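Structure, as structure tokens:
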Amino acid sequence: MNNDQSKPLHVLIVEDYNLSAQYMSQALKLCDCRSIQIAESGEQAVEMARSQGPFDVVFVDLLMKGMGGIACISVLKSMRWSGYIVAMSANEDLRTSAIAAGADKFLHKLDHPVRDIVAIVNAVKTNKP
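Under the UniProt record's numbering, read the sequence shown as residues 1 to 129, first letter to last.
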């Protein structure tokens, strides 16, 4: 069966906390992603987007040292980024800023179980996020 639903995706996780990045990576492995890359900073994410992109989906932690997630999202958007951007934070107050910067969705980090991550990726696969 080779249809849009089985189209493997190129995914980038931007997360400075290794345990969270590994959790996300494991969840994404359930989604038949073509590749899963991890950036530990906003700066590294921008460089990876330039050198390894385009990514179909990027999950961005909003609070990181150096270039934070909101700045990272803004830079990606200024690069004519067409992938689906999911902002993540334990701070609900950052939702509005993340969406204004160009994020397509906001996930509260304490409430994003595997099923939500899988649902987002599957929606992107079928072009129905």
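Backbone N, C-alpha and C define an ideal beta-carbon position, used for all residues, glycine too. As the structure is a computational prediction, the values presented were derived from the model and not from experiment.
Counting pairs of beta carbons, one from the stretch 81 to 93 and one from the stretch 102 to 117, are three or more of them closer than 8 Å?
The stretch 81 to 93, when compared against the stretch 102 to 117, does touch it at the 8 Å Cβ threshold.
Which residues in the same chain have their Cβ closer than 7 Å to the Cβ of Phe-55, if we skip the five residues on either side of it in sequence?
Taking the first residue of the sequence shown as 1, we reach residue 55 at position 55. Hits under 7 Å: His-10, Val-11, Leu-12, Ala-49 and Gly-83.
Can you tell me whether DSSP reads Met-79 as helix, strand or coil?
Against the sequence shown, residue 79 aligns to sequence position 79. Reduced to three states, the DSSP call for Met-79 is coil.
Using DSSP bridges, identify the partner residues of Ala-27.
Numbered from its first residue, the sequence shown carries residue 27 at position 27. In the DSSP output, where bridge partners are listed per residue, Ala-27 has none listed.
Secondary structure at Met-1, three-state DSSP: helix, strand or coil?
One-based indexing of the sequence shown puts residue 1 at position 1. A caution first: Met-1 carries a pLDDT of 32, below 50, which makes its placement in the model unreliable, though a value can still be read off. The answer is coil: DSSP assigns Met-1 none of H, G, I, E or B.
Using a 10 Å radius around the Cβ and a threshold of 16 neighbouring Cβ atoms, would you call Gln-44 buried or exposed?
For the purposes of this step, residue 44 is taken as residue 44 along the sequence shown, with counting starting at 1. That one is buried.
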